[in-house]
Amino acid sequence: MLRIFTVLTMLASGTLTSQLPEFAQQYRQRLGGAIDALEQVMADFQRDAADYGLTVPEAIDRQKASTDPFIQARGASIERTSQRLVHLKDQRSGFETASPFERILILVQSPDRELAQATAEDYAPAIPVTPVGLVSAGAGAAGGFILVWFLSGLVRLTRRRAPA
């Protein structure tokens with residue numbers, strides 16, 4: 030019974046982790062579109078600020094200092110947009126210079142929540158035929174094996190210590 034459970038766990042974890050390279054690729058494709066959209070928003074805001082003789086930080090500060098709660102909220106919103114744009118550009122730069130394995134780490138370490146959620150909603154699983162996909166599948170299978178081995182060891186240990 031334990032062997033069957035081990036094999037099933039290895040298959041499930043291997044299948045799951047084999048999808049990481051493809052998910053990272055689809056996330057990366059969406060990354061460019063998100064950057065383009067945010068750059069347009071920031072360009073419009075910069076133009077509006079310049080029309081009133083302000084820099085972007087000055088315009089944001091003015092909005093946040095407003096007595097109108099709506100204007101304050103818009104200032105905070107555009108500030109978050111600006112920060113998100115910087116984060117996404119940094120991430121894109123990291124993706125461009127990273128190896129396929131490093132791309133997975135970049136995605137796992139600092140995903141953009143909105144972008145990751147949108148990617149997951151439209152995600153199309155792929156059969157791993159690249160070396161990265163196959164290694165990811167193997168790593169997941171090994172992780173599943175180690176998990177079952179560890180848990181079964183805990184069960185055996187508690188059975189030995191249980192009074193008869």
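The sequence shown begins at 30 in the working numbering and counts up one residue at a time.
Heads up, the beta-carbon is just placed ideally off N, CA and C, and yes, glycines get one too.
Taking 4 residues as the minimum length, the alpha helix (DSSP H) runs contained wholly in the segment 98-139 are 98-126, 129-138, in order along the chain. A145: member of the alpha helix (DSSP H) spanning 142-150, first to last residue. About 3 Å separates the Cβ atoms of G173 and S42, confirming a contact at the 8 Å cut-off. Around the beta carbon of Q138, fewer than 16 other beta carbons sit within 10 angstroms, so the residue counts as exposed. Contact between R91 and L83 holds, with the beta-carbon distance rounding to 7 Å and staying under 8 Å. DSSP, reduced to helix, strand and coil, places G82 outside both helices and strands of the structure shown, so it counts as coil.
Look at Q54 here: in three-state DSSP terms it is helix.
L180 is not a Cβ neighbour of L114, given a cutoff of 8 Å. DSSP, read as helix, strand or coil, puts S95 in coil.
Residue state for Q69 is assigned as helix, using DSSP reduced to three classes. A94 is not a Cβ neighbour of E87, given a cutoff of 8 Å. Residue burial annotation: L49 is buried, with at least 16 other C-beta atoms found within 10 angstroms of its C-beta.
Taking the Cα of E51 as reference, the smallest distance to any Cα among V36, R103, A155, F99 is reached at A155.
Nearest neighbour of V164 by Cα position, chosen from Q101, D151, R188, F130, turns out to be F130.
Counted as a single uninterrupted DSSP element, the stretch harbouring M30 is not any alpha helix (DSSP H), since DSSP gives it neither H nor E.
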